[in-house]
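All remarks here apply to the structure that follows.
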Amino acid sequence: MLLAVLLLASCDGTLYHRFEQVDDAGWAATDTLQFVYEGADATFDGSAVELSLQVRYAAAYKYKNLCMRVETFRVSDTTLLSIDTLCCQMYSDDGRRLGSTAGTMYQNASNIVDIAASPSDTLLLRVVNIMPEECLPNVFDVGVRLAAKR
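Per my numbering, residue 4 is the first one in the sequence shown, and the count goes up by one each step.
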C-alpha cells in the first residue's frame with residue numbers, strides 16, 4: 004500500500020508534501036512554521052525544485068489573499084537558497100471564493116517558484132505570514148509542496 008502511494012506521488016514529480024497546524028487562536032506574525040525535506044534518491048534528476056505553499060482556512064477568513072514569506076536553506080552547508088513571497092488568492096476579483104472545499108474548510112495553493120536546489124538536497128523551509136494583523140484568525144494549516152522540475 005505504501006509503495007502504491009509513493010508511486011502515485013512520484014508520477015507528478017512530487018518530492019514532499021506536508022502540512023503544519025497553526026495555533027487555534029490564529030497564525031501570529033511571530034510564529035514561524037518549519038519544514039524539513041530530507042532529499043530524494045537519485046531517481047529524481049534535475050537542477051531545480053518547484054515550491055508552492057498551501058493553506059487550509061475557514062470560510063470566515065476575511066482577506067482576499069494570504070501572503071507568506073518562505074526562506075529556503077540547504078541544510079548541508081546552511082546556504083540560503085531563496086527568500087520568496089508567495090500568495091494564496093482566496094477570493095476572485097468579483098468576490099467568489101477560490102480553491103477547493105470539504106464542508107467548512109477550504110484549501111488553496113500559491114503560485115509556484117523554482118528553488119536552485121537538487122531533489123537530493125536536504126532543505127529547511129521557514130514560513131511566516133506577512134499579513135497586516137498581529138494574529139491571523141481562521142487559518143488552520145499551512146503546507147509546503149516540493150516537486151522535481153521537469
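Backbone N, C-alpha and C define an ideal beta-carbon position, used for all residues, glycine too.
Please read these numbers as outputs of a predicted model, since none were measured by experiment.
Discussion item. When you compare the CB positions of residue 118 and residue 52, do they come within less than 7 Å of one another, or not?
Written reply: Locating residue 118 in the sequence shown gives position 115, counting from the first residue. Locating residue 52 in the sequence shown gives position 49, counting from the first residue. Closer than 7 Å, so yes.
Fill in: Beta-carbon gap between residue 111 and residue 91 smaller than 7 Å
Along the sequence shown, read from residue 1 onward, the residue named residue 111 stands at position 108. Along the sequence shown, read from residue 1 onward, the residue named residue 91 stands at position 88. Yes, they are a contact pair.
Practice prompt. Give me whichever residues DSSP pairs with residue 129 in a beta bridge.
Written response: The sequence position of residue 129 within the sequence shown is 126, counting from 1. Residue 129 pairs with 37 and 74.
Worksheet item: Which class does residue 94 belong to by DSSP, given the choice of helix, strand or coil?
Response: Indexing the sequence shown from 1 puts residue 94 at position 91. Looking at residue 94 - three-state DSSP - the assignment turns out to be strand.
Practice prompt. Give the single residue among 102, 144 and 113 whose Cα lies nearest to the Cα of residue 55.
Written response: Reading the sequence shown from its first residue, position 52 is the one you call residue 55. Among 102, 144 and 113, the Cα nearest to that of residue 55 belongs to 113.
Discussion item. Assuming the contact rule is C-beta atoms closer than 8 Å, residue 40 and residue 126 should be a hit. Round their C-beta distance to whole Å, please.
Written reply: By one-based count along the sequence shown, residue 40 stands at place 37. By one-based count along the sequence shown, residue 126 stands at place 123. Sure, about 4 Å apart at Cβ, within 8 Å.
Worksheet item: From residue 123 to residue 151, what does the alpha carbon distance come to, in whole angstroms?
Response: Here residue 123 refers to the residue found at position 120 of the sequence shown. Here residue 151 refers to the residue found at position 148 of the sequence shown. Cα-Cα distance, rounded: 10 Å.
Discussion item. Which residues does DSSP list as the beta-bridge partners of residue 159?
Written reply: An answer regarding residue 159 cannot be provided, because it is not within the stretch 4 to 153 covered by the chain.
Worksheet entry | 7 Å CB neighbourhood of residue 66 in its chain, flanking five on each side removed | Residue 66 sits at position 63 when you count from the first residue of the sequence shown. For residue 66, where only same-chain residues beyond five positions count, the Cβ hits under 7 Å are 93 and 134.
Worksheet item: Which class does residue 23 belong to by DSSP, given the choice of helix, strand or coil?
Response: Along the sequence shown, one-based indexing puts residue 23 at 20. In the structure shown, residue 23 sits in a strand (DSSP, three-state: E or B).
Practice prompt. Please check if any C-beta of chain B sits within less than 7 Å of the C-beta of residue 57.
Written response: No chain B appears in the structure shown, which is made up of a single protein chain.
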